[in-house]
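A.B. asks: Using the numbering used here, you'd call the opening residue of the sequence shown number 30 and step up by one each time.
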Amino acid sequence: MASSARSDSTPADTPSAAPAASAVSPEAAAEILAPAPWSTPADASEHLRVTAVRTFLTAPQG
Numbered sequence: 030m031a032s033s034a035r036s037d038s039t040p041a042d043t044p045s046a047a048p049a050a051s052a053v054s055p056e057a058a059a060e061i062l063a064p065a066p067w068s069t070p071a072d073a074s075e076h077l078r079v080t081a082v083r084t085f086l087t088a089p090q091g
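Next up, the structure:
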């Protein structure tokens with residue numbers, strides 16, 4: 030059985046898979062591309078710990 034689809038094609042190869050230029054706001058892009066606020070694994074670990082605690086404390090109760 031012959032298939033008309035290329036076997037090596039991926040969704041990234043198709044033009045429809047490309048995100049729209051307006052999919053991400055400039056503010057969100059700046060936040061995503063900003064350098065990480067930590068420089069060592071220990072700093073990153075502390076950041077994740079604090080984020081987890083904040084998430085837990087601000088979660089809806091009930």
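For glycine and all other residues, C-beta sits at the position ideal for the given N, C-alpha and C.
The structure presented is a predicted model; accordingly, all values stated were derived computationally and were not measured.
Excluding the five sequence neighbours on either side, which residues of its own chain have a C-beta within less than 8 angstroms of the C-beta of residue 79, listed in chain order?
C.D. replies: Translated into positions along the sequence shown, residue 79 becomes position 50. Cβ within range, chain order: n/a, list empty.
A.B. asks: Quick check: the Cα distance between residue 53 and residue 60, rounded to an integer number of angstroms?
C.D. replies: Within the sequence shown, the letter at position 24 stands for residue 53. Within the sequence shown, the letter at position 31 stands for residue 60. Computed Cα separation, rounded: 11 angstroms.
A.B. asks: Please report the straight-line C-alpha distance between residue 56 and residue 72, rounded to a whole angstrom.
C.D. replies: Here residue 56 refers to the residue found at position 27 of the sequence shown. Here residue 72 refers to the residue found at position 43 of the sequence shown. Looking at the two C-alpha atoms, the distance is approximately 25 angstroms.
A.B. asks: Would you mind reading off the limits of the alpha helix (DSSP H) that contains residue 53?
C.D. replies: Stepping through the sequence shown from its first residue, residue 53 is reached at position 24. First-last for residue 53: undefined, no H or E at that position.
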